[in-house]
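What follows is a set of notes on a single structure, which appears directly below.
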Amino acid sequence: MHIELPDKVRLIINKLTDEGFEAYAVGGCVRDCLLGKEPNDWDITTSATPIQVKSLFRRTIDTGIQHGTVTIMLGNDGFEVTTYRIDGAYEDSRHPKQVTFTASLEEDLKRRDFTINAMAYNDEKGIVDLFDGLSDIKRKKIRAVGEPADRFNEDALRILRAVRFAAQLDYEIDEKTLKAVEELAPNLSKISAERIRMELQKLLMSKNPEKLLTLYETGVTGVILPEFDLMMETSQNTPHHMYSVGIHTIEALKNSVRFDENLSENDIKIIRLTMLLHDSGKPAAKTTDEDGREHFKGHSAFSEGITSEVMHRLKYDNDTLNKVKRLVRYHDHRKKLTEARVRQTIVLISKELMPLWFIVRRCDICAQSLMYREEKLKDIDECEEIYNRIIKRGDCLSIKELALTGSDLMELGIKPGPKLGEILNRLFDEVLDVPEHNTKEYLTERVINIYKEEFS
Numbered sequence: 139m140h141i142e143l144p145d146k147v148r149l150i151i152n153k154l155t156d157e158g159f160e161a162y163a164v165g166g167c168v169r170d171c172l173l174g175k176e177p178n179d180w181d182i183t184t185s186a187t188p189i190q191v192k193s194l195f196r197r198t199i200d201t202g203i204q205h206g207t208v209t210i211m212l213g214n215d216g217f218e219v220t221t222y223r224i225d226g227a228y229e230d231s232r233h234p235k236q237v238t239f240t241a242s243l244e245e246d247l248k249r250r251d252f253t254i255n256a257m258a259y260n261d262e263k264g265i266v267d268l269f270d271g272l273s274d275i276k277r278k279k280i281r282a283v284g285e286p287a288d289r290f291n292e293d294a295l296r297i298l299r300a301v302r303f304a305a306q307l308d309y310e311i312d313e314k315t316l317k318a319v320e321e322l323a324p325n326l327s328k329i330s331a332e333r334i335r336m337e338l339q340k341l342l343m344s345k346n347p348e349k350l351l352t353l354y355e356t357g358v359t360g361v362i363l364p365e366f367d368l369m370m371e372t373s374q375n376t377p378h379h380m381y382s383v384g385i386h387t388i389e390a391l392k393n394s395v396r397f398d399e400n401l402s403e404n405d406i407k408i409i410r411l412t413m414l415l416h417d418s419g420k421p422a423a424k425t426t427d428e429d430g431r432e433h434f435k436g437h438s439a440f441s442e443g444i445t446s447e448v449m450h451r452l453k454y455d456n457d458t459l460n461k462v463k464r465l466v467r468y469h470d471h472r473k474k475l476t477e478a479r480v481r482q483t484i485v486l487i488s489k490e491l492m493p494l495w496f497i498v499r500r501c502d503i504c505a506q507s508l509m510y511r512e513e514k515l516k517d518i519d520e521c522e523e524i525y526n527r528i529i530k531r532g533d534c535l536s537i538k539e540l541a542l543t544g545s546d547l548m549e550l551g552i553k554p555g556p557k558l559g560e561i562l563n564r565l566f567d568e569v570l571d572v573p574e575h576n577t578k579e580y581l582t583e584r585v586i587n588i589y590k591e592e593f594s
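Encoded structure:
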């Protein structure tokens, strides 16, 4: 079986083999090629020691030389080359106590996480598949190399990675591997928030975010996202819903996938996080009336608070945090469909986030019961039509876009201070109602008529 190696990867491998060493492309890049995907990066493994690697190439970076990794720079491209190694005992569910270099490719591949990631390739030997990763690709299985418990005890993040790969590749997890995920899930408490975030985000941004349910069923969310467990345990006895809060969330996540094609990667991330957390406040907001019907008044505000807690805990950047919080806070925002009301909604949510808000609303509605679903979706369509008209027309949607500025008000004799801001806000509210009034002449006359006392 042949893999077309990039020229620079082949150059590195050939240089090492010409000097008498073994060298192979290894891991995810081999897997991706076999799946017909373009690898994001190419990793190389070799029998040469880091010092020997450095002696053969002009530009190298000691990326992780204590663990055997050297980055070779060819032009602007960097390629990680790692010496075959055997890991010592793991004491923190992440780092080996010591690393021993070895001349055995088999020993190196034995320490890798899953069979589909434990294959190596060069043009001379072809595919080296010592753990039957090719069969697992055909069977669409995620299976740990050797004993799953050993692999997960070495690095607990592999527990989460197993489900992430299943989501990205649309694979099932091997029974024995899945059992180890469940048994060792508590070890994830030892893993840093940043590493948890990266794996969870990759799962959510896959084409199968509903695999989040596997994390719940195996006890993983109980460790990394206990808020979701509460959602799974919260019923919704109301005509507008047919699922628990947790399953509604799963359905909303599934719905969001169909919008991916027209979104940037960053927008997909924001949408997925919003759908994950939009109803996270419902367990706290839940009440039951005398007829047994359940209500969730004010749940959006609760959800915003929980969103902040979760995203801070997972070390999200402020820009992502603030956008997701705003969409969560207003995911259920509904107003009468007039142009003035839609302009107010744009100001509330922001012009930048409105296209994402329409997606959030549709994903949410399509995960509810069939009751009034068509009417709700029709309202969203109409709201979006009005929004597009407003944007195309260029209506004033911020104080900065007012035809009369703070400087203009000061020229009229209004002193800097809170009153000046109050006047601008009053003018802006009026322009939101009647955008045609956003002319300097009209607004100047309006200020003079309403605030004559300011000039006395």
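Going by the numbering used here, the first residue of the sequence shown is number 139, and it counts up by one from there.
Heads up, the beta-carbon is just placed ideally off N, CA and C, and yes, glycines get one too.
Original post:
How many angstroms separate the CA atom of His575 from the CA atom of Pro493?
Top reply: In the sequence shown, counting from the first residue as 1, residue 575 sits at position 437. In the sequence shown, counting from the first residue as 1, residue 493 sits at position 355. Cα to Cα, the separation comes out at about 26 Å.
Subject >> Straight-line Cα distance separating Tyr468 from Cys534 >> reply: Counting from one through the sequence shown, the residue named residue 534 turns up at place 396. Counting from one through the sequence shown, the residue named residue 468 turns up at place 330. Computed Cα separation, rounded: 21 Å.
**OP:** Take Gly532 as the anchor and find which of Ile362, Ile484, Thr426 has the nearest alpha-carbon.
**Re:** Taking the sequence shown and counting its residues from 1, the one referred to as residue 532 is at position 394. Checking every option, the nearest Cα to that of Gly532 belongs to Ile484.
Original post:
Under 8 Å between the Cβ atoms of Tyr381 and Met370?
Top reply: Translated into positions along the sequence shown, residue 381 becomes position 243. Translated into positions along the sequence shown, residue 370 becomes position 232. No, Cβ-Cβ distance for Tyr381 and Met370 is not below 8 Å.
Original post:
Is it buried or exposed for Asn400, if we count other Cβ within 10 angstroms and need 16 for buried?
Top reply: Position 262 of the sequence shown holds residue 400. When all chains shown are included, Asn400 counts as exposed.
Subject >> With 16 other Cβ atoms within 10 Å as the buried cut-off, status of Leu386 >> reply: Reading the sequence shown from its first residue, position 248 is the one you call residue 386. Reading the sequence as shown, one finds His at residue 386 and not Leu. The residue is buried, with at least 16 neighbouring Cβ atoms inside 10 Å.
Original post:
Where does Val125 sit, in a helix, a strand or coil, going by DSSP?
Top reply: The requested residue 125 does not occur in the structure, where the chain is confined to residues 139 to 594.
Original post:
By how many angstroms is the C-alpha of Glu447 removed from the C-alpha of Asn404?
Top reply: Locating residue 404 in the sequence shown gives position 266, where the first residue counts as 1. Locating residue 447 in the sequence shown gives position 309, where the first residue counts as 1. Their backbone Cα atoms lie some 21 Å apart in a straight line.
**OP:** Rank Arg527, Ile503, Thr425 by C-alpha distance to the C-alpha of Asp517 and give the top, closest one.
**Re:** Translated into the one-based positions of the sequence shown, residue 517 becomes position 379. Comparing Cα positions, the closest option is Ile503.
**OP:** Examine the ligand HEM and report whether any of its heavy atoms sits within less than 7 Å of the Cβ of Pro144.
**Re:** Absence of the ligand HEM is noted for the structure shown, with no ligands found whatsoever.
Original post:
Helix, strand or coil: which one does DSSP assign to Arg333?
Top reply: Residue 333 sits at position 195 when you count from the first residue of the sequence shown. Helix.
Original post:
Hey, Asp225 and Arg249: beta-carbon distance below 8 Å or not?
Top reply: For the purposes of this step, residue 225 is taken as residue 87 along the sequence shown, with counting starting at 1. For the purposes of this step, residue 249 is taken as residue 111 along the sequence shown, with counting starting at 1. In this structure, Arg249 lies closer than 8 Å to Asp225 by Cβ.
Original post:
With a cut-off of 8 Å, do at least 3 Cβ pairs link the region 416-435 to the region 508-526?
Top reply: no
Original post:
For Asp293, which of Ile311, Lys276, Lys328 has the nearest alpha-carbon?
Top reply: Within the sequence shown, residue 293 is the residue found at index 155, counting from 1. For Asp293, the nearest C-alpha among the options comes from Lys328.
Subject >> Pairwise C-alpha distance: Tyr259 and Ile265 >> reply: Here residue 265 is taken as the residue at index 127 of the sequence shown, counted from 1. Here residue 259 is taken as the residue at index 121 of the sequence shown, counted from 1. Each residue's Cα considered, the two are about 5 Å apart.
Original post:
Would you report the Cα separation of Glu388 and Gly284, rounded to the nearest angstrom?
Top reply: Here residue 388 refers to the residue found at position 250 of the sequence shown. Here residue 284 refers to the residue found at position 146 of the sequence shown. Checking the sequence, you will find Ile at residue 388 rather than Glu. Taking the straight line joining both Cα atoms gives about 32 Å.
**OP:** In angstroms with no decimal places, state the Cα-to-Cα distance between Ser594 and Ile552.
**Re:** Indexing the sequence shown from 1 puts residue 594 at position 456. Indexing the sequence shown from 1 puts residue 552 at position 414. Model confidence at Ser594 stands at a pLDDT of 49, short of 50, so the residue's coordinates are unreliable and nothing is read from them.
Original post:
Looking only at its own chain, which residues have a Cβ that is under 6 Å from the Cβ of Pro177, when we skip the five neighbours before and after it?
Top reply: By one-based count along the sequence shown, residue 177 stands at place 39. The residues are Cys167, Asp170.
Subject >> Short Cβ contact (8 Å threshold) for Lys463 with Thr445 >> reply: Taking the sequence shown and counting its residues from 1, the one referred to as residue 463 is at position 325. Taking the sequence shown and counting its residues from 1, the one referred to as residue 445 is at position 307. Yes. Within cutoff.
Subject >> Alpha carbon of Glu310 to alpha carbon of Ser373, nearest angstrom >> reply: Here residue 310 corresponds to residue number 172 of the sequence shown, with the count starting at 1. Here residue 373 corresponds to residue number 235 of the sequence shown, with the count starting at 1. Each residue's Cα considered, the two are about 28 Å apart.
Subject >> Reference Val219; option with closest CA among Asp457, Asp274, Phe159, Gln482 >> reply: On the sequence shown, position 81 is the one that residue 219 refers to. For Val219, the nearest C-alpha among the options comes from Phe159.
Subject >> Assigned secondary structure, Ala300 (DSSP; H/G/I helix, E/B strand, else coil) >> reply: Numbered from its first residue, the sequence shown carries residue 300 at position 162. Correct three-state label for Ala300: helix.
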